[in-house]
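The sequence shown begins at 1387 in our numbering and counts up by one.
Glycine included, each C-beta is placed from N, C-alpha and C at the ideal position.
Remember, it's a predicted structure, so these values are computed and weren't measured experimentally.
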Amino acid sequence: MTLLELLQLMRKHLKLVILLPIVCALAMGVYSYAFMANTYTASTSMYVLAKQTSANSDNAANYSNLNASQMLANDVSTLLKSDRIAADTVKNLHLDSLKGYSTKVTSETTSRVITLSVTGSDPDTSAAIANEMASNVSKVAQQVMDVQSVNVIDQAVSPSSPSGPNRSMYIAVALLAGLFIAIAIVVVSDMLNTKVRNADEVEELLGLPVIGRMPAVKGGK
């Protein structure tokens, strides 16, 4: 099937091609607003400082300390995802678990700054979890790593507006899916239609040329 034939089929079934994507988009819109709960993201940033290996303040010592801190930042980022930090956070905040709350840790290779984001259904709890995890990781890092301190730069605050779900994206995807389904229905129905619809198909099926045609007359006359 050529592109021109496909466009002709879509034009023939234009109502289906237009209505089905709209119905899918409306259905997704109703579902996303009625059944998808809002989520809130709270973020905190931390600065990792390694222990000083020398009392000298020359450039070589500073460069060495900087490299050590950058390497430790990656370790602290991994520590933030550990079960120990999660367990301590649950215990200190008197929660049953962190189920329903997701965490994202970002650490650049050339920076000693770590960003922790916590996303959940409650804005206050999301902020409390982020701040408690930052506090816990500082204590644990000082115990098990060569870390002088993990200092909080910006504490997490309760977000005033939801960060998700991205309802616009879901609706757009549903619209495209509806269009794809409509095109698939049109193509499949055309392939299953075994009727001879024009002279070209007659010639192709019988291998004989068409030598005459009966014109359609209005009113059956």
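Residue environment, residue i, which counts as buried when at least 16 other CB atoms sit within 10 Å
{"i": "Ala1420", "result": "exposed"}
{"i": "Asn1442", "result": "With a pLDDT of 49 at Asn1442, under the threshold of 50, the modelled position of that residue is not reliable, and the figure given next carries that caveat. Asn1442 comes out exposed."}
{"i": "Asn1537", "result": "exposed"}
{"i": "Ala1473", "result": "exposed"}
{"i": "Thr1388", "result": "exposed"}
{"i": "Gly1506", "result": "buried"}
{"i": "Met1432", "result": "buried"}
{"i": "Asn1517", "result": "buried"}
{"i": "Ile1557", "result": "buried"}
{"i": "Met1555", "result": "exposed"}
{"i": "Ser1521", "result": "buried"}
{"i": "Arg1470", "result": "exposed"}
{"i": "Ala1570", "result": "exposed"}
{"i": "Leu1502", "result": "buried"}
{"i": "Ile1500", "result": "buried"}
{"i": "Leu1393", "result": "exposed"}
{"i": "Thr1496", "result": "exposed"}
Whole-number beta carbon distance between residue j and residue i, since they are thought to touch under 8 angstroms
{"i": "Leu1412", "j": "Ala1568", "result": "Their Cβ separation, rounded to whole angstroms, is 14 angstroms, which puts Leu1412 and Ala1568 out of contact at 8 angstroms."}
{"i": "Met1519", "j": "Thr1475", "result": "5 angstroms"}
{"i": "Ala1527", "j": "Val1533", "result": "4 angstroms"}
{"i": "Ser1512", "j": "Tyr1487", "result": "7 angstroms"}
{"i": "Tyr1426", "j": "Ser1549", "result": "6 angstroms"}
{"i": "His1399", "j": "Val1573", "result": "That pair is no contact at about 10 angstroms."}
{"i": "Ser1463", "j": "Val1491", "result": "5 angstroms"}
{"i": "Pro1551", "j": "Ser1418", "result": "6 angstroms"}
Those residues which DSSP pairs with residue i across a bridge
{"i": "Val1504", "result": "Ala1428 and Thr1489"}
{"i": "Asp1540", "result": "Ser1431"}
{"i": "Ala1436", "result": "Val1533"}
{"i": "Gly1550", "result": "Thr1425"}
{"i": "Val1526", "result": "Looking at the DSSP assignment, Val1526 forms no beta bridge with any residue, so it has no partner."}
{"i": "Val1499", "result": "Tyr1433"}
Residue closest to residue i, alpha-carbon to alpha-carbon, out of the options
{"i": "Cys1410", "options": "Pro1595, Ala1563 and Ala1472", "result": "Ala1563"}
{"i": "Ala1514", "options": "Asn1478, Tyr1417 and Lys1581", "result": "Asn1478"}
{"i": "Pro1545", "options": "Leu1406, Leu1565, Asp1508 and Leu1392", "result": "Asp1508"}
{"i": "Asp1510", "options": "His1399, Ser1429 and Pro1595", "result": "Ser1429"}
{"i": "Leu1458", "options": "Ala1436, Asn1579 and Val1573", "result": "Ala1436"}
{"i": "Gln1456", "options": "Leu1466, Val1434, Thr1464 and Arg1470", "result": "Val1434"}
{"i": "Leu1561", "options": "Gln1529, Ile1404, Leu1502 and Leu1390", "result": "Ile1404"}
{"i": "Ser1547", "options": "Val1416, Ala1423, Glu1391 and Ile1408", "result": "Ala1423"}
{"i": "Ile1408", "options": "Asn1460, Pro1595, Pro1551 and Phe1566", "result": "Phe1566"}
{"i": "Val1530", "options": "Leu1395, Lys1581 and Leu1465", "result": "Leu1465"}
{"i": "Ser1493", "options": "Lys1467, His1480, Leu1484 and Asp1482", "result": "Lys1467"}
{"i": "Asp1461", "options": "Arg1498, Leu1481, Ser1483 and His1480", "result": "Arg1498"}
CB contact check: residue i to chain B, cutoff 8 angstroms
{"i": "Asp1461", "result": "Among the chains in the structure shown there is no chain B, since it carries only a single protein chain."}
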